[in-house]
Structures are given as structure tokens and as C-alpha cells.
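As numbered in the working numbering, residues 18 to 327 make up the sequence shown, in order.
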Amino acid sequence: MGFDLGGTNIRTAVARVDGDNATLLGRDARPTPQAGPEAVVAALVSSADAAIVAAKVRISDIAAAGCSAPGPLDHMTGVILTTQNIAGFANASFPLAARLAAGLGGPRVYLDRDTVMAAIGEGLAGAARGARSFVYLTVSTGVGGAIVADGRMVRGVSNTAGELGHFPVGFDRDVRCRCGSFGCVEAYAAGRNLAEAYGVGDASIVYAKAAAGDARAAELIARAEAALASLAVGIVNALNPERIVVGGSVAEHEPTHVLDPMRRAIAERAFKVPAAACSVVPSALGADVSIIGAALAARDRATGAGGWFL
Ligand SMILES: [Zn+2]
């Protein structure tokens, strides 16, 4: 079973895992409660119940569950340390995995960061299959990522490695980022930031305006493309990956404004040897990437096969 806990929505699925293929049998989706951790646990448990009914299985059929959530978090203890993205979880230090396991009354629950789960999914069953060094990048409401180098997930000393959305690419102090810094990739290229900069509710409107000839929308999108282009060159030069897998709703809907500028920049500006070895490819698992990754991560952690990403 996989959970994808986001700031806006909870998505849950029962998965049959066969080798590295995860088939989603039954699903549920519902809004994320904004009333704090206890309400979130209750909603996750209800969502699991609904997905189990939809899959026509029983809780005793569920071998393990994985829960994808925004970080920072401790994937070994299953504790969300703090996240600004879910109401009530700022400075929470909340033992989500243990509390969710108690609520489910059966399977063990394994927690990990959403982009790490996505990288596990793409690595085992998606667009990074077979690559020992790859980067997963999501361009969505926010920008995030995960790094796999020489067959191992790069965690860093505080388990925040791979937060590529906060790689600084600009010197303009007026381009503020939610993290407290300025000039981050996310501040230019995240859907939420694009929409806010233009003064609308959704980035799709900015892309539509630019396509219709609106100069201000076009300028904001050109800036977002430049930020992603610089990030791509930095990734190739610093990490020498075989693939950069790009997911997220903005990348999915606007590949010519996300993947193409990254590819062009790598060809034009990156070191030639790593540039020739790297391809930029779309996510193969789409919107289900974190759920599938969570289900596969749960299976591998429960069976002791998850050493490469722990
Ligand atoms: Zn930032």
C-alpha cells in the first residue's frame, strides 16, 4: 500500500507488487485536513479503508505500507520533523509512521520524503530503470528532487540532500523564496511562484497568456526556463548523472518549457563529457510516482532489500 501525503491532497492506493512492478488495485483521494497531525492521521486511515474496499482486499492482505510526505523528516524513525507544506506540521516532530501503523492496526508503515519515494519508483519501475546514477526532479507547485549516485540514494547528514528547488541560480534579492533565501530555482520556476508573480491562481493561466502573446507572462516563463536551464547544467557538471528524470504537473503539461530548455542548456553549456552521457527524460510514472515509489519502498524495507536507498 502507498500513501502520498501532500499539503492539499491525500492519495492512497493498494498495490500488488510483483518483482519491481506495482499494479494499483484500488485508490482513494481526499483533501488533506488543515487541523493538524491528529486529523491528518485520521484522514490517512479513512483513506486506507476506502482504498482497501475499492481493491476488494482486507487489511490482513497488506504486507507493508509506505508513506510519502514532504520533508524534512527522519525516514529511519518515521518522524516528520517539520514541514511548512502541511498545516499544523511546522516544528511538529510528529511520529507519523508509528501513529499511522497504530491506526491501520496491521502493516508496518515506512515514511520517506516525497521526492525520495519518487526516485525509488522511477529507479525500480520507471524512467531511471537500469541507471546507477540519476537525478529525479519535480517541477510542480514547488520544485524538488532526489539524487542517486553510484547506486545509492544521497541523503546527506540531515536527510535533506536533493532539495534541488533551493539551489540558488539568481542574484536578485527581490526574488524571495519561501525557504528564507532568494534566487532559488523554486522562486523562479515553481508553479505556485509563477502564478503569484503574475497575480493569478494557477500557473497554467500564465502559460496560456504567454502562448497568446502576453509579454509579461512570456518574460516570467523565460525566467523560469533560464533557472531550470542553469540547474540542469549544474546537475550535469557536479554529479555526472546518466539521466535526469523530470516529473511534476508543470513538467508534464509544459515539457517544451521545462525539459527542452534543460536539454538545450546541457548541450550548449555543460562540460562536454558528462553532457554527452546524460539524457533528460520525462517521468514514466506520472502523477502516481510517489505512491508507486512508496509501495515499492515499503516492500523493499519490509524484506530487507532497501539498503541502496536507506
Ligand atoms: Zn529556496
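Glycine included, every Cβ here is placed at the ideal spot set by N, Cα and C. These figures come from a predicted structure and were not determined experimentally.
Counting along the chain, no beta strand (DSSP E) covers D317; the unbroken alpha helix (DSSP H) around it starts and ends at 306 to 320. Around the Cβ of H270, a 10 Å sphere holds fewer than 16 other Cβ atoms; the residue is exposed. Annotation for N38: no alpha helix (DSSP H) segment contains it, though the beta strand (DSSP E) segment containing it runs 38 to 48. Counting every other CB atom within 10 Å of its CB across the protein chains shown gives E285 a total below 16, marking it as exposed.
The DSSP assignment places complete alpha helix (DSSP H) segments of no fewer than 4 residues inside the region 125 to 177 at 131 to 142, in order along the chain. Not a single heavy atom of ligand 1 lies less than 7 angstroms from the C-beta of A239. Per DSSP, R33 is one residue of the beta strand (DSSP E) stretching across 26 to 35. Between I309 and G19, the CB-CB gap stays under 8 angstroms. Per DSSP, the unbroken alpha helix (DSSP H) holding V57 starts and ends at 54 to 72. Per DSSP, the beta bridge partners of I261 are V152, V297. Around the beta carbon of D305, a 10 Å sphere encloses 16 or more other beta carbons of the protein chains shown; the residue is thus reported as buried. Taking C-beta atoms as the reference points, P87 and D131 count as a pair closer than 8 angstroms. By the C-beta criterion, the region 206 to 215 is judged to be in contact with the region 240 to 247, since at least 3 inter-stretch pairs fall below 8 angstroms. The residues M18, P124, V126, A315, in chain order, have a CB closer than 6 angstroms to that of A82 in the same chain once the five nearest residues on each side in sequence are set aside. The set of residues with any CB-heavy atom separation to ligand 1 below 7 angstroms comprises, in chain order, G182, H183, C194, R195, C196, S198, C201, E203, A204. In terms of Cβ geometry, V62 and L22 do not form a close pair [threshold 8 angstroms].
Taking 8 angstroms as the upper bound for CB-CB distance, P278 and L248 are not in contact here, some 10 angstroms apart. Rounded to the nearest whole angstrom, the CA to CA distance from E55 to A234 is 41 angstroms. In the DSSP assignment, D21 falls outside any alpha helix (DSSP H) and lies within the beta strand (DSSP E) extending over 19 to 22. Annotation for G208: the continuous alpha helix (DSSP H) segment containing it runs 208 to 215.
G230 sits exposed, since fewer than 16 C-beta atoms from the chains shown fall within 10 Å of its C-beta. The shortest C-alpha to C-alpha distance from A293 to any of C196, P258, G324, A311 is the one to P258.
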